[in-house]
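Asker:
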Amino acid sequence: MKTKEKVMTATEFKAKCLKILDQLNGQSIVITKRGKPVARVMPVRQADNSKLIGSMRGKVTVRGNIFSTGRKWDAQSRHPRSGLAYHR
4 MKTKEKVMTA TEFKAKCLKI LDQLNGQSIV ITKRGKPVAR VMPVRQADNS KLIGSMRGKV
64 TVRGNIFSTG RKWDAQSRHP RSGLAYHR
């Protein structure tokens, strides 16, 4: 069941902003200007990362050497035109 949102004017919100933020308690507030809604202030939901960590364990397989590009590298070699190091 959804609780009814509190509605207040931008002027009222500006005057009491910090106090209002401290008292959100899971409820959102709609801010109005000239009677029309212009913003909604709501608490941030905290992400539950406990299910994410380790969730792929046993489902991923590493094949081959993941640390090699398969190309020879000579750090001393230079490209003939640019002079920069390059792969051969």
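To convert a position in the sequence shown, counted from 1, into the numbering used here, add 3.
Glycine included, C-beta positions come from ideal geometry on N, C-alpha and C.
What you are looking at is a predicted structure, and each value in this text was computed from that prediction instead of being measured.
What's the call for Ile34, buried or exposed, on a 16-neighbour Cβ count within 10 Å?
Answerer: If you number the sequence shown from 1, residue 34 lands on position 31. Result: buried.
Asker: Between the C-alpha atoms of Val63 and Gly57, what's the straight-line distance to the nearest angstrom?
Answerer: Counting from 1 along the sequence shown, the entry for residue 63 is found at position 60. Counting from 1 along the sequence shown, the entry for residue 57 is found at position 54. The alpha-carbon atoms of Val63 and Gly57 are separated by roughly 11 Å.
Asker: Closest by CA to Val47, which one among Lys54, Lys39, Val41, Gln30?
Answerer: Numbered from its first residue, the sequence shown carries residue 47 at position 44. Measuring from the Cα of Val47, the nearest candidate turns out to be Gln30.
Asker: Under a three-way DSSP split, which group does Ala2 fall into?
Answerer: Here the chain comprises residues numbered 4 to 91, so residue 2 is not present and cannot be evaluated.
Asker: By DSSP, does Ile23 sit in helix, in strand, or in coil?
Answerer: As a first step, residue 23 is located in the sequence shown; it is residue number 20 there, counting from the start. Helix, per DSSP.
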